[in-house]
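This report concerns only the one structure given below.
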Amino acid sequence: MQKKYDELAEQGDRPKRTYIEKYSYLIENLYKNNYNWGKISGNHPFLIQGVLFNSILCKSERDLGKIAEAIGYDPYIHYEKADKLKTAINKKLYDETEGIYYNFDLVNQRHIKRDTIFSYMPLFAGIPDKDMGKRVLDTLRTHCFCIADMDCVAIPSYDMCQVDFDGEFYWRGPVWVNINWYLAQGIRQYGETELSDWIENSLITLADRHGFHEYYDPDSGRGLGEKDFSWTAALIIDLIAPRLRNEN
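Under the working numbering, think of the first position of the sequence shown as 2, with each following residue one higher.
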């Protein structure tokens with residue numbers, strides 16, 4: 002696995018061998034337990050209820066409901082799942098004191114209080130109500146995600162004021178186009194048109210100057226990880242397409 006990583010991108014852009022070995026151990030443990038939740042929940046050291054994953058799942062169920070309606074099928078099951086996920090995310094992953102969503106560690110039964118950009122992904126799925134959404138956005142503005150001065154190439158994946166921030170290391174700081182795309186859509190739903198436009202325009206400029214990379218340095222914009230990355234290219238096309246239609 003390490004050799005394949007080294008072939009795809011610069012070694013400095015990828016998790017070190019110690020991390021890869023941990024990832025491999027977790028995968029092997031899942032396989033040995035036949036991916037059975039009853040077995041996994043009792044002996045797996047890494048059990049996380051993630052804000053990003055569950056927010057996307059919630060949005061996906063609601064979108065499937067809309068598709069079902071459009072083609073004449075009953076959308077109820079999808080809307081019901083989306084509503085249950087929304088309730089669960091607000092109940093378990095939202096920290097009322099800090100006005101932010103956190104991943105939840107099932108092993109230690111506590112929030113993982115690291116301020117990553119994932120904490121704001123419920124906005125994409127319309128999970129917070131209007132008042133909660135405003136509070137989450139206020140939290141985003143007061144933390145170091147370049148919102149106040151708009152002085153980064155786009156939104157970094159990790160709070161830049163944290164001591165373990167690293168603008169070149171995977172999810173510890175770099176700009177990811179897909180996550181910025183989610184965030185731009187989400188904050189637009191809560192009336193933040195100017196900020197959403199800035200994020201989208203920043204992504205287009207980033208790709209124009211540095212190409213379609215897996216992720217980017219938030220200060221310099223230098224492309225990191227794999228180059229000619231398909232989801233980066235696809236999402237930039239998605240952002241450009243309506244602008245081209247409006248011009249024509």
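Every residue, glycine too, gets a C-beta built ideally from N, C-alpha and C.
Fair warning: this is a prediction, and the values are worked out from it, not measured in the lab.
Three-state class that DSSP yields for residue i in the structure shown
i, result
"GLY51", "coil"
"ILE238", "helix"
"TYR216", "strand"
"GLY224", "strand"
"TYR159", "strand"
Range of the contiguous beta strand (DSSP E) that encloses residue i
i, result
"ILE41", "Unbroken run through ILE41 is the alpha helix (DSSP H), 38-44; no beta strand (DSSP E)."
"ARG111", "111-113"
"ASN104", "104-106"
Sub-8 Å separation of residue i and residue j beta-carbons
i, j, result
"LEU240", "ILE188", "no"
"ILE90", "SER56", "yes"
"LEU259", "GLU62", "Nothing about residue 259 can be read from this structure; the chain reaches only from 2 to 249."
"HIS211", "PHE230", "no"
"ASP139", "GLY100", "yes"
"VAL176", "ALA149", "no"
"GLU169", "ASP218", "yes"
"HIS112", "ASP96", "yes"
Of the residues the options, the one placed nearest residue i, counting alpha carbons only
i, options, result
"VAL108", "THR233, GLU195 and SER42", "SER42"
"TYR191", "GLY168, GLY224 and ALA126", "ALA126"
"CYS162", "GLY100, ILE68, MET133 and PHE146", "PHE146"
"PRO16", "ARG173, ASP150 and MET133", "ARG173"
For residue i, the first and last residue of its enclosing alpha helix (DSSP H)
i, result
"THR98", "From DSSP, THR98 is part of no alpha helix (DSSP H); its letter is neither H nor E."
"GLY134", "131-143"
"CYS182", "Strictly speaking, residue 182 in this sequence is Trp, with Cys absent from that position. First-last of the alpha helix (DSSP H) with TRP182: 178-190."
"GLU201", "194-211"
"SER25", "18-33"
Meets three-Cβ-pair contact criterion under 8 Å: the region 98-105 and the region 23-42: Between the region 98-105 and the region 23-42 there are fewer than three inter-stretch CB-CB distances shorter than 8 Å, so the stretches are not counted as touching.
Three-pair Cβ contact test at 8 Å for the region 184-199 versus the region 104-124: They touch, by the three-pair rule.
Cβ contact (3+ pairs, closer than 8 Å) linking the region 233-247 and the region 205-214: As far as the Cβ criterion goes, the region 233-247 touches the region 205-214, which means the pair count is three or higher.
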